[in-house]
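Following: one structure in structure tokens, then a few remarks.
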Amino acid sequence: MPADSELSTLLSRRQAINEALGEGREVQPQFKTVNRSVYAEFHEFSRRQIKEYEFTFNKYDEGRDGYLDLQELKRMMEKLGAPQTHLGLKAMIKEVDEDDDNRISFREFLLIFRKAKAGELVE
Numbered sequence: 000m001p002a003d004s005e006l007s008t009l010l011s012r013r014q015a016i017n018e019a020l021g022e023g024r025e026v027q028p029q030f031k032t033v034n035r036s037v038y039a040e041f042h043e044f045s046r047r048q049i050k051e052y053e054f055t056f057n058k059y060d061e062g063r064d065g066y067l068d069l070q071e072l073k074r075m076m077e078k079l080g081a082p083q084t085h086l087g088l089k090a091m092i093k094e095v096d097e098d099d100d101n102r103i104s105f106r107e108f109l110l111i112f113r114k115a116k117a118g119e120l121v122e
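This note's numbering applies: residue 0 is where the sequence shown begins, and numbers increase by one.
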């Protein structure tokens with residue numbers, strides 16, 4: 000039974016992780032994970048839409064730090080055919096930057112689309 004084998008593999012992996020953590024060893028993630036809570040929090044978007052947004056976000060996250068800074072956001076908007084002024088970009092960041100770090104996390108990136116869809120995005 001393939002499902003039993005897959006479940007057994009997953010349980011073995013989980014057990015190995017638990018043992019390593021119990022011994023104080025660091026465990027490297029085997030797979031890239033998406034914070035599953037974004038699917039629940041942004042229920043107005045389908046999983047497919049969120050994956051497309053994630054692809055776009057990662058494409059323009061040139062620093063690979065999990066954030067879009069002002070320059071990365073500027074390049075993204077230009078490539079998408081919607082160039083913005085410097086002040087416009089700063090206003091866009093400020094509108095969704097919940098932790099005031101002057102950059103956009105993936106969650107904050109999704110907030111842009113939520114606000115745009117609801118007509119709440121300041122132009």
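Heads up, the beta-carbon is just placed ideally off N, CA and C, and yes, glycines get one too.
Model, not experiment: these values are computed from the prediction.
N-terminal and C-terminal residue of the alpha helix (DSSP H) that Asn-57 is part of: 46-59
Thinking C-alpha only, which one of Ser-4, Glu-94, Asn-101 and Asp-100 is nearest Ile-111? Glu-94
Nearest-angstrom Cα distance between Gln-37 and Gly-23? In the sequence under discussion, the amino acid at residue 37 is Val, which differs from the Gln named in the question. Looking at the two C-alpha atoms, the distance is approximately 30 Å.
Inter-residue Cα distance where the pair is Phe-41 and Arg-113: 8 Å
Output needed for Glu-61: all residues of its chain with C-beta closer than 6 Å, excluding positions within five of it in sequence on either side, in chain order. Glu-71
Spatial distance of Asp-68 from Tyr-52 (CA atoms): Each residue's Cα considered, the two are about 16 Å apart.
Give me the Cβ distance between Phe-44 and Phe-108, rounded to the nearest whole Å; I'm assuming they're in contact under 8 Å. Rounded, the Cβ-Cβ distance is 12 Å, inconsistent with contact.
Quick check: Met-91 and Pro-82, are their CB atoms within less than 9 Å of each other? no
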